[in-house]
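Trainee: Here the sequence shown is numbered in my numbering, starting from 23 and rising by one per residue.
I'd like to ask some things about the structure below.
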Amino acid sequence: MSASLCILASGSSGNASAISFDGSGRFILVDAGLSPSRVRVRLAESRGPFERLRAILLTHLDHDHWHKDWGKQLARSPVPVLLRREHAAEAVDLGVPAECITVIGESARLGDAATVRACAVPHDEVGSTAYRFDCTHGSIGFATDLGRVTDELHAMFEGVDTLAIESNYDPAMQLASPRPAFLKRRIMGGAGHLSNEQSTAAASIVAESGRLANVAFIHLSRDCNAPDIVESLARERLAGASCSIVVSTRDRPTPLMQVSRAAAASPAPPKTHPIAAG
C-alpha cells in the first residue's frame with residue numbers, strides 16, 4: 023500500500039491529475055479540465071488505484087482546468103471542491119455547485135488521508151494555487167500556471183518526495199513564434215507561465231534535500247515546447263539527483279508515480295481545519 027500520482031492529461035486542451043493517498047481506492051483530482059467521461063477513460067488507462075473520487079482541488083478556473091460538464095456531475099454525485107477564496111465567486115459563475123465549494127485557507131485535512139497546504143502563486147489577475155500534500159506514505163508538491171517560483175513556494179515544497187511542476191515553454195521557441203507580442207509578454211512577464219529553465223531550476227532546488235524520488239514536468243506548450251527539450255534539460259539539471267523524470271503529454275496519462283515515505287521526516291504542517299472528503 024502506498025501513495026501514488028498520475029498526470030491524466032496536461033496542456034492547453036485540458037488538465038487533470040489523480041492522487042491516491044492509500045490503498046482504499048479513494049482519490050482526489052487536482053484540476054478538472056477534462057470532461058468526466060474523458061477522466062474516466064484516462065483513469066482506466068492509468069491502471070492506478072483510482073476507484074472513488076473523494077474531492078477535487080482547483081488551481082484556478084481557466085477553461086483548461088475546469089470543464090463545464092463537471093457541474094452536472096457534481097449535482098448528481100457531490101464531492102468537496104477545494105479552492106482559495108479568490109476563486110470562489112468565479113467557480114459558482116462557471117457551474118461549480120455552491121454547496122460543494124470549500125474555501126481552503128493555509129491548510130486543511132482531507133478526511134483522515136492527508137494534509138493539504140495551499141500557496142497563492144502569480145498567474146494573470148487572480149493568480150493560481152499550488153498545493154502540497156502530506157500523508158503517511160509520502161509528500162507531493164504540485165504547481166502549474168505560475169509566472170515565477172516565489173520564496174513561499176520554495177519553502178512549501180522543501181523536502182517533498184514527488185514534485186509536479188509546470189514547464190510551459192522554451193524561451194527561444196517562444197520568442198521565435200508567430201504569437202503576438204502582447205501574448206509573449208503575458209506568458210514570459212512573471213505572471214504567466216514557467217519556462218523550462220525556471221521549472222528545472224526549481225526542481226533542482228527541491229532535489230537538494232535528497233528526498234525527491236519523482237519529478238513530473240507538466241503543462242507543456244503545444245507550439246513553444248517539446249518533450250525532448252524538457253527531458254534533456256531536466257536530466258542535465260538533475261544529473262546528481264537519483265529521481266525519475268516524467269514529462270507529461272496532452273493525449274495520454276503518465277506512468278504511475280509511487281510516492282515514498284520520506285514525508286514522515288517533514289516539518290509539522292500548520293494548524294488545519296478538517297474537510298469531509300469521503
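Backbone N, C-alpha and C fix where the C-beta goes; we use that ideal spot for every residue, glycine too.
Bear in mind that the values here come from a model prediction, so they are computed numbers and not experimental data.
(1) Please classify residue 235 as buried or exposed, where buried requires at least 16 other C-beta atoms within 10 Å of its C-beta.
(2) Who does residue 195 pair with in a DSSP beta bridge?
(3) Does DSSP put residue 114 in a helix, in a strand, or in coil?
(4) Could you check whether residue 116 and residue 80 sit closer than 7 Å to each other, using their CB atoms as the reference points?
(5) From the DSSP output, in three-state form, read off residue 128 for me.
(6) Buried or exposed: where does residue 296 fall if 16 or more other Cβ atoms within 10 Å of its Cβ makes it buried?
(7) By the 10 Å Cβ neighbour count, where 16 or more other Cβ atoms means buried, how is residue 155 classified, buried or exposed?
(8) Let me know if residue 36 comes out buried or exposed under the rule of 16 or more other beta-carbons within 10 Å of its beta-carbon.
(9) I'd like the span of the alpha helix (DSSP H) that includes residue 204, first residue to last.
(10) Kindly indicate the opening and closing residues of the alpha helix (DSSP H) around residue 60.
(11) Note the first and the last residue of the continuous beta strand (DSSP E) segment covering residue 266.
(12) Return the residue from the list 276, 123, 88 and 189 that minimises the CA-CA distance to residue 165.
(13) Helix, strand or coil for residue 247 per DSSP?
Mentor: So, from the data block:
(1) buried
(2) According to DSSP, which records beta bridges pairwise, residue 195 is partnered with nothing at all.
(3) helix
(4) no
(5) DSSP places residue 128 outside both helix and strand once states are collapsed to three, so it counts as coil.
(6) Reliability of the predicted coordinates at residue 296 is poor, the pLDDT of 46 falling under 50, and the value obtained from them is presented with this limitation in mind. Label assigned to residue 296: exposed.
(7) In summary, residue 155 is buried, with 16 or more beta-carbon neighbours lying within 10 Å of its beta-carbon over all protein chains present.
(8) buried
(9) It spans 203 to 210 - the alpha helix (DSSP H) in which residue 204 sits, taken as one unbroken run.
(10) Where residue 60 is concerned, the enclosing alpha helix (DSSP H) stretches over 58 to 68.
(11) 266 to 269
(12) 189
(13) coil
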